[in-house]
Structure formats: C-alpha cells, structure tokens
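Trainee:
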Amino acid sequence: MTRDLTITEVRLTPILVADPPLLNTSGVHQPYTPRLIVEVVTADGTSGFGETYGDGKYLELARPLGEMLVGRQVSDLGGLFALADEVAVDRARVENQLDVGGQRGVQSADKLRLSVASGFEVACLDALGKALGLPVHALLGGKVRDAVEYSAYLFYKWADHPEGVTCEKDDWGAAVDPAGIVEQARKFKERYGFTSFKLKGGVFPPDEEIAAVRALAEAFPGHPLRLDPNGAWSVETSIKVADALGEVLEYLEDPTLGTRAMADVYVRTGVPLATNMCVTTFAEIKEAFTRNAVQVVLSDHHYWGGLRNTQQLAAICRTFGVGVSMHSNTHLGISLAAMTHVAATVPGLHHACDSHYPWQSEDVLTERLTFEGGRVAVSDAPGLGVEVDREKVEFLHRRWLEDDGSLRDRDDAAAMRVADPGWVPPAVPRW
Ligand code: GKR
Ligand code: MG
Numbered sequence: 001m002t003r004d005l006t007i008t009e010v011r012l013t014p015i016l017v018a019d020p021p022l023l024n025t026s027g028v029h030q031p032y033t034p035r036l037i038v039e040v041v042t043a044d045g046t047s048g049f050g051e052t053y054g055d056g057k058y059l060e061l062a063r064p065l066g067e068m069l070v071g072r073q074v075s076d077l078g079g080l081f082a083l084a085d086e087v088a089v090d091r092a093r094v095e096n097q098l099d100v101g102g103q104r105g106v107q108s109a110d111k112l113r114l115s116v117a118s119g120f121e122v123a124c125l126d127a128l129g130k131a132l133g134l135p136v137h138a139l140l141g142g143k144v145r146d147a148v149e150y151s152a153y154l155f156y157k158w159a160d161h162p163e164g165v166t167c168e169k170d171d172w173g174a175a176v177d178p179a180g181i182v183e184q185a186r187k188f189k190e191r192y193g194f195t196s197f198k199l200k201g202g203v204f205p206p207d208e209e210i211a212a213v214r215a216l217a218e219a220f221p222g223h224p225l226r227l228d229p230n231g232a233w234s235v236e237t238s239i240k241v242a243d244a245l246g247e248v249l250e251y252l253e254d255p256t257l258g259t260r261a262m263a264d265v266y267v268r269t270g271v272p273l274a275t276n277m278c279v280t281t282f283a284e285i286k287e288a289f290t291r292n293a294v295q296v297v298l299s300d301h302h303y304w305g306g307l308r309n310t311q312q313l314a315a316i317c318r319t320f321g322v323g324v325s326m327h328s329n330t331h332l333g334i335s336l337a338a339m340t341h342v343a344a345t346v347p348g349l350h351h352a353c354d355s356h357y358p359w360q361s362e363d364v365l366t367e368r369l370t371f372e373g374g375r376v377a378v379s380d381a382p383g384l385g386v387e388v389d390r391e392k393v394e395f396l397h398r399r400w401l402e403d404d405g406s407l408r409d410r411d412d413a414a415a416m417r418v419a420d421p422g423w424v425p426p427a428v429p430r431w
C-alpha cells in the first residue's frame, strides 16, 4: 500500500526551557531559554519532530514557512529550502533585527533562514523515516559508527540564579575557580562518563582560565581539553594562552575574532584552532581555509542549514584536510538525536562533539537520551528514534505563553544586569 506523505499540518510550538546560570563572555544564561518545536503531520497520520532556536526572529520566519509547506511532500527537502528562500526574500523584516557578532557568529539573514529551515528538515526526515521504517541515519546514507562521542561542556557557573528570580534549582553547585571547574568535571565524568572536556572561557582574566585548564590537565591526565572564550581575546592574548596551554590542549576554540586574527594566532603558535564563529556559512570557508585560519570547523546543524548541509560541510573539510566536529547551544533531546544521527554518518569524526544537554533538566521526550561512557548510541529505530511527550511540550509552551516577553529572546546581558545593574557587555577583545 502506498502511504500518502503529503504534509497536511505543521504545528509550531515555542517553549521556554529551564537553564542554569552558566557564564559566558556575553553575560549569563537566563533562567529559561526559548526553543521552537516543529511538528509536521502527513496525510497518513505520521508526525515528525524537529527543534531549533526559538527567539522571536526565528518564529517570524517559521510561521509563514510552516503555512507554505502544507500540501508538499515530506520527502521534498530541496523544495523546503527553496520555500525557505522565498520566505526570506522579505529580508528587510529580518535584517532589521540582526545581532552582529553574537556567539553564533554574525547573525545574517541567511543564517536565520537556514536555522529555521533546519528545524523543518529534521522534522521531515523524522516523519519520512517513521513512514518508511528507516532511521534518519539511513536516510542520510547510513551510519559509519554505532555511537557518537560527546565531550563534557564545562561552564563557570553561579550556584543559583540571582535571588528573587523565578527559576528551577539545579544540583551542580557553583564553579568560579579552578577547583570548582575540576569538581564540575568530576561530576560530568561520574554522571555521564565523558572523557574529554571543553571549558567555556572568556569569563575571567586569561590567567585564571589558564589555571583552570592546567588544573583539569592535572586531575584528568591524557583527557582531551579545549578552551573556548568566544573570541574574547586579542591576538597577543590568544598567543599567550596558546603558548601556556599548547601542550595540554586538543585545540583552542575561537580564541579571537575574524579569519585574519585566527590565522595569525595559528601561524605564530601551531596550536590547532577550532571555530563555530569564524566559519559559520559556506561562503566563509574559502578565505578561512586559504589562510589556514582554522583546523577544525564545528558545525551547528541548526545554522548550517540541517543535517544534509552538515554532511556537505564535512565533505568540504575532508577535502581540505580540515577537521570537523560539532558545538552546541542550549538544546533538547530532539536536537541531540539529530546531531547523533548526522554525526554517525560522517567519516573521520576525530573530535568529540559538545552538547549542552546535561545542563537541561527538562526535555520534551518521554525518555531522555543517555550518555554511556560519554557516548550516545545511534538509534536504529524509525525516524530520529525518540518519542515526544505532548504534555511536556504543552507545559513548557504554557511557560512561554505566560512569560511577559522578557525571556522570549535569549539575552545573556540582561540576565547579568539582574545581578549587576551597571553591567555592559565588554568591548571585544576584552583581554
Ligand atoms: O551557551 O553560553 C553558551 C555558549 O557560549 C553558546 O552560546 C556558544 O554558542 O557553546 C557555544 C560555543 O561553542 O561557542
Ligand atoms: Mg564555541
């Protein structure tokens, strides 16, 4: 019997998900972070789910795109991206709202469009896989590994959000010095078995962050380590840190901003540099690779435009002898499943991907994904292999509906000002 896989309905559900007070160079995470859950329903009653950034500017593009998808085939992924182009043609609407130089690199209209389209692409692949009885990795050409390795993602962190702020409590405790970071790493290792560690830096003066990485190296000998200050350092400071930590680092991630500056750091230190800020679109690859500015590109399947684009990125990296892996932003289990499926298909994935997932105490899945020995097993069940709990989605959506609007757009600086009213995001480079 042929199944009718025409999309008959698209449901978009913005949610707010609990987030601990994690520090970065832009401030601190707000107590709740917006995400968008995308569901496509086909004529035969199959539902597929995707997840992407949920700030207002993403919703603005997602809504018309969702309407235009009704009546199309769920397998028509080329058509989906063409439609996303059409929606984004009305660029003025989006371009007025660009964030220049956030932690996802420059927020161009293209990247917004791709981030939105990626949520739909994953939902369509999930539905298609369920309808065909095939896992998403099979739709992408097949897995080359049965489990995907992730690194622990360490953050400087307060014990709690500022007093008086509505939030969910967490049991991670504070981490504001080397001892706190080592303790946090121990918990990550105990709870999830991670054997590599990434520290979000750019929070304290570089000498303190160097001390934290040295403490990690001492506590966990032989474990790959990374430090990522999101471009907070000058070239000179980056060189100083690279010289101090070169022997214990797997790589430095976005020590400084811009292709030329990154190339300068690499040529003067030889320490491998990874990025999710300097190369974030296909258009940025040529210059960065020609200058040898980056040795590892970290995909975020959301803003690279989905799982198939991530595979294309991996192929380009392979061609140029550049490593590829993945970084993450606050995300839930649908995205972790999507990351795992695509990572399972990428040959030569030599660096563990990072994931915020352990920081999220809430999820929309009936059963959370688990890390065993720091790895997520690649599901062979149809689609993404995860089940969405509609009650959980509804609960987190109600939180979004009840919000006064202050949390619907991620704003780490605003969260920092709650604790320190005079705080302004530091000029870049900060050190
Ligand atoms: O969640 O604070 C954070 C991270 O700093 C995130 O926003 C970054 O995009 O983790 C990301 C990174 O690797 O730069
Ligand atoms: Mg990064």
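Going by the UniProt record's numbering, the first residue of the sequence shown is number 1, and it counts up by one from there.
Glycine included, every Cβ here is placed at the ideal spot set by N, Cα and C.
Please read all numbers here as calculations on a predicted model, not as lab measurements.
#1: Roughly how many whole angstroms lie between the Cα atoms of Y53 and R408?
#2: Any residues whose CB sits closer than 5 Å to a heavy atom of the ligand MG? List them in chain order?
#3: Starting from the Cα of N329, find the closest Cα among S355, G305, A314 and give me that residue.
#4: Taking 8 Å as the cut-off, does the CB of D354 come closer than this to any heavy atom belonging to the ligand GKR?
#5: Check whether the Cβ atoms of E247 and S196 sit closer than 9 Å, and answer yes or no.
#6: In the DSSP output, which residue or residues are listed as bridge partners for K200?
#7: Classify L134 as helix, strand or coil using the three-state DSSP reduction.
#8: If you pair each beta-carbon of the stretch 275-291 with each one of the stretch 368-387, do three or more pairs fall below 8 Å?
#9: Could you tell me whether the stretch 253-266 touches the stretch 222-240, using the rule of 3 or more Cβ pairs below 8 Å?
#10: So, F120 versus G66, is the Cβ gap smaller than 9 Å?
#11: Could I get the ranges of all uninterrupted alpha helix (DSSP H) runs contained in the stretch 221-276, with 4 residues as the minimum, in chain order?
#12: So, for S75: in the same chain, excluding its five sequence neighbours on each side, which residues have a beta-carbon less than 8 Å away from its beta-carbon?
#13: For the stretch 389-399 against the stretch 179-199, are there 3 or more C-beta pairs whose distance is under 8 Å?
#14: Indicate, with yes or no, if the ligand GKR has a heavy atom lying under 8 Å from the CB of N230.
#15: Could you spell out where the beta strand (DSSP E) holding F282 opens and where it closes?
#16: Name the one or two DSSP bridge partners that D354 has.
#17: Are P28 and W158 touching if we call contact CB-CB under 9 Å?
#18: Counting Cβ pairs, one atom from each stretch, are 3 or more of them under 8 Å apart for the stretch 29-36 and the stretch 410-417?
#19: If you measure between the beta carbons of V38 and G56, is that distance less than 9 Å?
#20: Using 8 Å as the threshold, is the stretch 128-139 in touch with the stretch 316-326, meaning 3 or more CB pairs across them?
#21: Whole angstroms are fine: how far does the CA of S406 sit from the CA of R268?
#22: Compare the C-alpha of I7 against each of P21, T46, R35 and name the closest.
#23: In the DSSP output, which residue or residues are listed as bridge partners for Q360?
#24: Could you check the C-alpha separation between G141 and C317 for me, to the nearest Å?
#25: Just how far apart, CA to CA, sit V418 and L22?
Mentor: The relevant details are as follows:
#1: Computed Cα separation, rounded: 11 Å.
#2: D228, E253, N276, H327
#3: S355
#4: yes
#5: no
#6: F155, D228
#7: Three-state DSSP puts L134 in coil, outside helix and strand.
#8: No, the stretch 275-291 does not touch the stretch 368-387.
#9: The stretch 253-266 vs the stretch 222-240: in contact.
#10: yes
#11: 235-245, 259-269
#12: L5, C124, L128
#13: Inter-segment contact for the stretch 389-399 and the stretch 179-199 is absent: fewer than three beta-carbon pairs are separated by less than 8 Å.
#14: yes
#15: Looking at the DSSP string, F282 is not in any beta strand (DSSP E), and its letter there is neither H nor E.
#16: S151
#17: One point to set straight first is that residue 28 is Val, not Pro, in the sequence displayed. Cβ atoms of V28 and W158: closer than 9 Å.
#18: yes
#19: no
#20: no
#21: 44 Å
#22: T46
#23: BP columns for Q360 are empty, so no partner.
#24: 18 Å
#25: 14 Å
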